[in-house]
Every structure is written in C-alpha cells, then in structure tokens.
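Student:
Residue numbers (the working numbering), protein chains in the order written: chain X, 881 to 1170; chain Y, 96 to 207.
1. Would you say the segment 1078 to 1094 of chain X touches the segment 1113 to 1126 of chain X, given that touching needs at least three Cβ pairs under 8 angstroms?
2. Using a Cβ-Cβ cut-off of less than 8 angstroms, list which residues of the segment 176 to 194 of chain Y approach chain X; keep chain order.
3. Kindly indicate which three-state DSSP category residue 142 of chain Y falls into: helix, strand or coil?
4. Spell out whether any CB of chain Y is found under 9 angstroms from the CB atom of residue 1000 of chain X.
5. Check whether the segment 998 to 1010 of chain X touches the segment 104 to 117 of chain Y, taking contact to mean three or more Cβ pairs, one atom from each stretch, closer than 8 angstroms.
6. Taking only three categories from DSSP, how would you classify residue 928 of chain X?
7. Between residue 131 of chain Y and chain X, is there a C-beta pair that is closer than 9 angstroms?
8. Using the C-alpha atoms, what's the distance from residue 201 of chain Y back to residue 191 of chain Y?
9. For residue 906 of chain X, is the classification buried or exposed, using 16 other Cβ atoms within 10 angstroms of its Cβ as the cut-off for buried?
10. Quick one: list the residues of chain Y neighbouring residue 919 of chain X, beta-carbon separation under 8 angstroms, in chain order.
11. Strictly below 8 angstroms CB to CB, what residues from chain X border residue 152 of chain Y?
12. For the segment 133 to 164 of chain Y, list every residue whose C-beta sits within 9 angstroms of some C-beta in chain X, in sequence order.
13. What residues from chain Y crowd round residue 913 of chain X, counting only those whose CB sits closer than 8 angstroms?
14. Check the DSSP bridge columns for residue 1144 of chain X and list the partner residues they point to.
15. State yes or no: is the beta carbon of residue 119 of chain Y nearer than 9 angstroms to at least one beta carbon in chain X?
16. Cα-Cα, which of X:1094, X:1141, X:1139 and X:1155 is closest to residue 954 of chain X?
17. Buried or exposed: where does residue 1051 of chain X fall if 16 or more other Cβ atoms within 10 Å of its Cβ makes it buried?
18. Counting only runs that start and end within the segment 151 to 202 of chain Y, where is the beta strand (DSSP E) found for 3 or more residues in a row?
19. Look at the Cβ atom of residue 928 of chain X, then the Cβ atom of residue 1106 of chain X, and state whether they are nearer than 9 angstroms.
20. Between which two residues does the alpha helix (DSSP H) harbouring residue 934 of chain X extend?
21. Between the beta-carbon of residue 1078 of chain X and the beta-carbon of residue 1036 of chain X, is there less than 9 angstroms?
22. Any Cβ of chain X within less than 9 angstroms of the Cβ of residue 111 of chain Y?
23. Is there a C-beta anywhere in chain Y that falls below 9 angstroms from the one on residue 929 of chain X?
24. Are the beta-carbon atoms belonging to residue 1144 of chain X and residue 1020 of chain X less than 9 angstroms from one another?
25. Identify every residue that forms a DSSP beta bridge with residue 1061 of chain X.
26. Skipping 5 residues on each side, what residues in its chain have a beta carbon closer than 8 angstroms to that of residue 120 of chain Y?
27. Per DSSP, what are the beta-bridge partners of residue 998 of chain X in this structure?
28. Would you give the residue range spanned by the beta strand (DSSP E) that residue 963 of chain X belongs to?
29. Should residue 881 of chain X go down as buried or exposed, given a rule of 16 or more other Cβ atoms within 10 Å for buried?
30. Applying the criterion that 16 or more other CB atoms from any shown protein chain within 10 Å of the CB defines a buried residue, is residue 886 of chain X buried or exposed?
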C-alpha cells in the first residue's frame, strides 16, 4: 500500500480537519500559545496622537476559553483555547488581530481556519443582530522585482446591519486615500477597513448555524485560496458552500517603499450595537503550492 | 514545553479622568501577571489617584482583587501591580481626583 501525503494528513488529528496545499507554511493551534498573532497597532511618528482613531481602538487579542456566565467554559475545536478578537462596546467600532509574514514563492496559497462569533452575553436574549460582521484579509505587497503593487483582498461575513439579520459574504476593493504621518517622509497610513465600499459576493448569502442563546457557539470551517503570482482571489469555502472568487477584485494601491513580499494575515470583527463582539478562531492553517 | 509568556498592551494613549477601566482581558492560561501602568502624560494631581486590579467570574461583573497601587504623579512614572491566582479575567480600574488627567500605556505581562 502506498501512503500519500494526503493519507498522512488525514491520520493526524491536528491536520485532518484541514485540506492544506503541498507545504504547510504555518499551523496555529492556540493551545500552543499565540503563535505570532498580535495586536494591529496603527502607524505613528513622534507622537501616538498621529495614529488613525479607528486603529487606536483596536484591542489586544486574547487566548480565550470561550467561557460564559451561564454554562462555564465552552473551549475550542479540539482543546481549551481559541484566539479571541474583541471589540470595544460601541456601535460601528472594530477590532483586529494580525500575523506578519513575508512570502518566498509567488504562487497559490490557502488560508484555512475555524471560526465562530457572538456578542457579549449582557442580555438574556439571542442578540443575533448585535455582531455587524466578522472577516479576514491579506495585506500583501509584490516582490521588488514584480510589478510594484500593494494588494489587499478583504472578505467579511455581513451578519447584521441596522437591526436586520443579513448573513451575506462581501468583499471590498476601496480604501481611503494614503495619509502621510509625521515629518520624516517614512511613514504613511490608510484605513482599508473603513466602513464603506463593501460589495456583495454574487450568490454570497449563507445561513450559518448560530444556535439559540448568546452563549452557545458552533465552529465553522473557512478556506480561502489566493494566487500570489497573479495577485487574484481564486475560491473560498465556508462549511458546505463554495464561492468562485475569480472575478472578485482586491484593494490595490501602489507599492510602499518598505513592504516588499509582505504576507500579513488579519482577522477582524465589527460591532453593530453598543455591545462588545467577539470573533473566536481555532485553529489556522496557511499552506502553499510549492 | 517552554512556559507561555505574553505582553498585552491593554490601554494606550487614552485620556483617563475620574473613573476609568481597561477592557476585559482573558488570561486563564496564565498563573502570574504584572500590570505596568506607565504615564505617557500626567496632568493635575494624578498621584492622588489609585489603581486597582479587578477579577471577574464572566468578563462582565467585576470585583476588586485586593492589589492596589498609587497612580504615577508625573510623565514616565510607572506603577506596578503583581497578581496571581486570578481566574480567567483581569482588568485594571483607576480612580483619579478632580482635575487629574492621566494618559496611560498599560502593559499586562503574563506568564503560564
């Protein structure tokens, strides 16, 4: 009997819930710690007051047990801990977590992770429209020898808006103008997650399992395929549904002088009401076809 | 396995007056923690303020843990609050007298 790479992965309970490409770039199981996920701090120079307000509102990610006042600890997919991205309790505010890498091979990559989300359980009601959205993005820049672009594919699950339970996948291809920071000509910023310009992915409606009270969670599978050679989205899958992303544009701006081959991964959550919202991730597998 | 260790910045460049508190922070994996309350700026009688470590059964309801410290009375002053045996959630509560404004950076240093 010939044992394939695929067979080996199916026999490993840490990897059997993923379908990685040939090379696993990183596998972040939050029972092993933070695995390089950290706070996305905004850019500044000379004073922290120069930081964009929406970035200053980001909080620090947490290793959470997904515990609740009524039933205690929920735990992760296969252990105790999950990465928690928590917003502050304010409508329209967001929070993020980031992992900063660079790439060595400009080819197809695959991001897979399990996620779930809930608002803070401050009320004895389902509160299914208190989370505006959860999502993820890459912050990429081509290599110095490539064509000089910064490319930022953004995907979110618009859960609710203005009290309506929408449940639809969206993308974003617009950002704010780049703003120079400070006086040295070395630092700039733009607010790519600013709340405008989100567009529906065709056929992107999806009814995710949400459960029946604010403290019961179910984990969802996500896969997102992207090609670093063409800097284009390929396809994504959430649970039982697949979405062709071949025609979906990214945010694209000119390259910046100090970000060559950047491969940043970001998760984010947005609050729809004056209540904290929590995005939990457990775990993350990034792989590439090289 | 090495002991997990992590520094979380749980407040940065906010303007604190009167009563203030950091956002809830989950750290049930840690067995020891130090809050470093650093003053980026201190205006008025901030040194008459106090910082209190708080713990919580659910991340929503808070009780004083018992550890307190004087708030720094000048820029670049650092107050230190050490705690252990704190359950799953931590935060820092600060009370400041009238006329005092503190601009903090709060680093929460955690170790398994």
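Just so you know, even glycine gets a beta-carbon here, dropped at the ideal spot from N, CA and C. All figures in this text were calculated on a predicted structure; none of them were measured in a lab.
Tutor: The short version:
1. yes
2. 183
3. helix
4. yes
5. no
6. helix
7. Residue 131 of chain Y does not count as touching chain X.
8. If I take the Cα positions, the gap works out to 16 angstroms.
9. exposed
10. 103 and 104
11. What residue 152 of chain Y touches in chain X, judged by beta-carbon distance under 8 angstroms, is 949, going in chain order.
12. 135, 152, 153, 154, 155 and 156
13. The contacting residues are 99 and 101.
14. DSSP lists X:980 and X:1019 as the beta-bridge partner residues of residue 1144 of chain X.
15. yes
16. For the residues X:1094, X:1141, X:1139 and X:1155, the minimum Cα distance to residue 954 of chain X belongs to X:1094.
17. Around the CB of residue 1051 of chain X, 16 or more other CB atoms lie within 10 Å, so the residue is classed as buried.
18. 158 to 165, 173 to 179 and 184 to 190
19. no
20. 933 to 936
21. yes
22. no
23. yes
24. yes
25. DSSP links residue 1061 of chain X through a beta bridge to X:1067.
26. Result list for residue 120 of chain Y: 103, 105, 184, 185, 186 and 203, in chain order.
27. X:1158
28. 962 to 966
29. exposed
30. Result: exposed.
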